[in-house]
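A.B. asks: The structure follows.
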Amino acid sequence: MLALGGGSFAIASGLPVSQVTETLTQIATTVALLTAGGLVLLGLAVTVIVRRSLRPLRVVADTAERVASVPMAEGEVSIADRVPASETDERTEIGRVGHALNTLLDHVDASLEARQRNEERMRRFVADASHELRTPLASIRGYSELSLRDPQLSETTESALSRIQAQSLRMTRLVEDLLLLARLDEGQELVYGVVDLTQLAVEALGDAQVAGPEHVWLLEVDEEPVTVPGDSARLQQVVVNMLANARTHTPAGTEVTL
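So the mapping is simple: this note's numbering equals the position in the sequence shown, first residue as 1, plus 161.
Structure below.
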């Protein structure tokens, strides 16, 4: 307020508002960009840190997945996968998990090896026992057949010898079954060749007649021999087992046609 002569005057001054608004806008934009950039950098840093901290856990998970894909139901199985020693530091929680998984895998691997050894011992025992039993059974069957040729046998003795012969044949088949199972467990390959099914059926039915005289056994074959490619011993076992089932699960006097 100025006084000049007999009156007074007011003088006002200022800056344009547009310049102030522009300056504030620039400051706000700069702060927003810096904040966004800082958040992005912070997010990237956190992602890298988390990934690095979880890498040992991924290694443990990958090891567990590889072990889970190994078939362990039967046969020779060995678990070679382990969590690397660098990821089993017991000073960290994840390292303790990796160490515990390795300990578990060691126990499982030892158990699988023990199972394999037991299976091998059992297969050897079954195979050896089957081989050893074949000779005395053949002797029993041979002596019973020889004794049955004696025309002076009493009816009771002849019946007893027939039963001995039939049971020795049955026992022989059981021994052959055990030997076959042992060979199959060992993974032996089939021996392929040309098999005469007609001759095989005749021989199997002859054995069935001796083992089950109380049944009526009939054979229907063509005049021409029927041959197929296959394993003779395995096919014979199939026919023998089939006739044995027919004898076992049907009453006396049943007519069985092959």
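Each residue gets a CB set at the ideal place from its N, CA and C atoms; glycine is no exception. From a predicted model like this one, the values you see are computed outputs, not experimental measurements.
Since threonine 333 contacts leucine 298 with CB under 8 Å, what's their CB separation in whole angstroms?
C.D. replies: Taking the sequence shown and counting its residues from 1, one reaches residue 333 at position 172. Taking the sequence shown and counting its residues from 1, one reaches residue 298 at position 137. The pair is a contact, with the Cβ atoms about 5 Å apart (cut-off 8 Å).
A.B. asks: Report yes if the C-beta distance between aspartate 242 and valine 228 is below 7 Å; otherwise report no.
C.D. replies: Along the sequence shown, one-based indexing puts residue 242 at 81. Along the sequence shown, one-based indexing puts residue 228 at 67. Yes; because the gap between Cβ atoms is below 7 Å, this pair is in contact.
A.B. asks: Alpha carbon to alpha carbon, how far is histidine 268 from valine 209? Give it in angstroms, no decimals.
C.D. replies: Sequence index remark: in the sequence shown, residue 209 carries index 48 (1-based). Sequence index remark: in the sequence shown, residue 268 carries index 107 (1-based). So the two alpha carbons sit approximately 36 Å from each other.
A.B. asks: Assuming valine 387 and threonine 359 are in contact, meaning their beta carbons sit under 8 Å apart, how far apart are those beta carbons, in whole angstroms?
C.D. replies: Along the sequence shown, read from residue 1 onward, the residue named residue 387 stands at position 226. Along the sequence shown, read from residue 1 onward, the residue named residue 359 stands at position 198. About 5 Å; that satisfies the 8 Å criterion.
A.B. asks: With a cut-off of 8 Å, do at least 3 Cβ pairs link the stretch 403-419 to the stretch 379-386?
C.D. replies: Because the criterion of three Cβ pairs below 8 Å is met, the stretch 403-419 and the stretch 379-386 touch.
A.B. asks: Aspartate 368 by DSSP, collapsed to three states: which one?
C.D. replies: Residue mapping note: residue 368 aligns to position 207 of the sequence shown, counting from 1. Helix, per DSSP.
A.B. asks: Distance check for arginine 278 and arginine 213, CA to CA, integer angstroms please.
C.D. replies: Working through the sequence shown from its first residue, we reach residue 213 at position 52. Working through the sequence shown from its first residue, we reach residue 278 at position 117. Roughly 43 Å separates the two Cα atoms.
A.B. asks: Leaving out five residues on either side along the sequence, give the residues of the same chain with a beta carbon under 8 Å from the beta carbon of aspartate 357.
C.D. replies: Position 196 of the sequence shown, counted from the start, is the residue given in the question as residue 357. Closer than 8 Å at the Cβ level, and outside the excluded window around aspartate 357, lie Pro386, Val387, Thr388.
A.B. asks: Tell me the start and end of each unbroken alpha helix (DSSP H) in the stretch 183-234 that is at least 4 residues and wholly inside, in chain order.
C.D. replies: With a minimum length of 4 residues, no continuous alpha helix (DSSP H) run stays inside the stretch 183-234.
A.B. asks: Return the first residue and the last residue of the alpha helix (DSSP H) that proline 297 is part of.
C.D. replies: For this step, residue 297 is matched to residue 136 along the sequence shown. Note, proline 297: alpha helix (DSSP H), 254-309.
A.B. asks: Quick one: using the 10 Å Cβ neighbour count with 16 as the cut-off for buried, is leucine 203 buried or exposed?
C.D. replies: Here the question's residue 203 lines up with position 42 in the sequence shown. By the 10 Å Cβ count, leucine 203 comes out exposed.
A.B. asks: Considering Cα atoms alone, identify which of Thr411, Arg408, Asp338, Ala189 is closest to glutamine 397.
C.D. replies: Working through the sequence shown from its first residue, we reach residue 397 at position 236. Checked all of Thr411, Arg408, Asp338, Ala189; the closest Cα to glutamine 397 is Asp338.
A.B. asks: From alanine 372 to tyrosine 353, what does the alpha carbon distance come to, in whole angstroms?
C.D. replies: Taking the first residue of the sequence shown as 1, we reach residue 372 at position 211. Taking the first residue of the sequence shown as 1, we reach residue 353 at position 192. Looking at the two C-alpha atoms, the distance is approximately 29 Å.
A.B. asks: Helix, strand or coil for threonine 249 per DSSP?
C.D. replies: Within the sequence shown, numbered from 1, the residue matching residue 249 stands at position 88. It is coil, neither helix nor strand.
A.B. asks: Hey, is the stretch 361-370 in contact with the stretch 394-409, meaning 3+ C-beta pairs nearer than 8 Å?
C.D. replies: Taking 8 Å as the limit for Cβ pairs, the verdict is that the stretch 394-409 does touch the stretch 361-370.
A.B. asks: In angstroms with no decimal places, state the Cα-to-Cα distance between proline 412 and glutamine 370.
C.D. replies: Translated into positions along the sequence shown, residue 412 becomes position 251. Translated into positions along the sequence shown, residue 370 becomes position 209. Approximately 15 Å between the Cα atoms of the pair.
A.B. asks: Does the distance from the C-beta atom of glycine 259 to that of valine 238 stay below 7 Å?
C.D. replies: For the purposes of this step, residue 259 is identified with residue 98 of the sequence shown, where counting begins at 1. For the purposes of this step, residue 238 is identified with residue 77 of the sequence shown, where counting begins at 1. No, the pair does not count as a contact, with Cβ atoms beyond the cut-off.
A.B. asks: What's the C-alpha gap between arginine 282 and leucine 340?
C.D. replies: Translated into positions along the sequence shown, residue 282 becomes position 121. Translated into positions along the sequence shown, residue 340 becomes position 179. When rounded, the distance between both Cα atoms is 14 Å.
A.B. asks: For the beta strand (DSSP E) that leucine 379 lies in, which residues bound it at each end?
C.D. replies: Within the sequence shown, the letter at position 218 stands for residue 379. Leucine 379 -> beta strand (DSSP E) spans 377-379.
A.B. asks: Among Leu266, Ser300, Ile301, which one has its Cα closest to the Cα of threonine 224?
C.D. replies: Position 63 of the sequence shown, counting from 1, holds the residue named residue 224. Among Leu266, Ser300, Ile301, the Cα nearest to that of threonine 224 is on Leu266.
A.B. asks: Compute the Euclidean distance between the alpha carbons of glutamate 251 and arginine 219, then round it to the nearest angstrom.
C.D. replies: Translated into positions along the sequence shown, residue 251 becomes position 90. Translated into positions along the sequence shown, residue 219 becomes position 58. Cα to Cα, glutamate 251 sits roughly 17 Å from arginine 219.
A.B. asks: For proline 412, which residues does DSSP report across the bridge?
C.D. replies: Stepping through the sequence shown from its first residue, residue 412 is reached at position 251. In DSSP, proline 412 forms no bridge with anything.
A.B. asks: If distances are taken between C-alpha atoms only, which option among Val207, Pro232, Gly303 comes closest to leucine 273?
C.D. replies: Indexing the sequence shown from 1 puts residue 273 at position 112. Measuring from the Cα of leucine 273, the nearest candidate turns out to be Pro232.
A.B. asks: For glutamine 328 and alanine 271, I'd like the C-alpha separation in whole angstroms.
C.D. replies: Position 167 of the sequence shown holds residue 328. Position 110 of the sequence shown holds residue 271. Their Cα atoms are separated by approximately 44 Å.
A.B. asks: Rounded to whole angstroms, how far is the Cβ of alanine 343 from the Cβ of serine 291, which I believe are closer than 8 Å?
C.D. replies: Position 182 of the sequence shown holds residue 343. Position 130 of the sequence shown holds residue 291. Confirmed, about 7 Å.
A.B. asks: Only counting the same chain, and skipping five residues up and downstream in sequence, which positions put a Cβ closer than 7 Å to that of threonine 305?
C.D. replies: Looking up residue 305 in the sequence shown gives position 144. The amino acid at residue 305 is misidentified as threonine; the sequence shows serine. Around serine 305: Leu322, Ile325, Gln326, Ser329.
A.B. asks: To the nearest angstrom, report how far apart asparagine 263 and glutamate 280 are at their CA atoms.
C.D. replies: Walking along the sequence shown from the start, residue 263 turns up at place 102. Walking along the sequence shown from the start, residue 280 turns up at place 119. Distance between the alpha carbons of asparagine 263 and glutamate 280: 26 Å.
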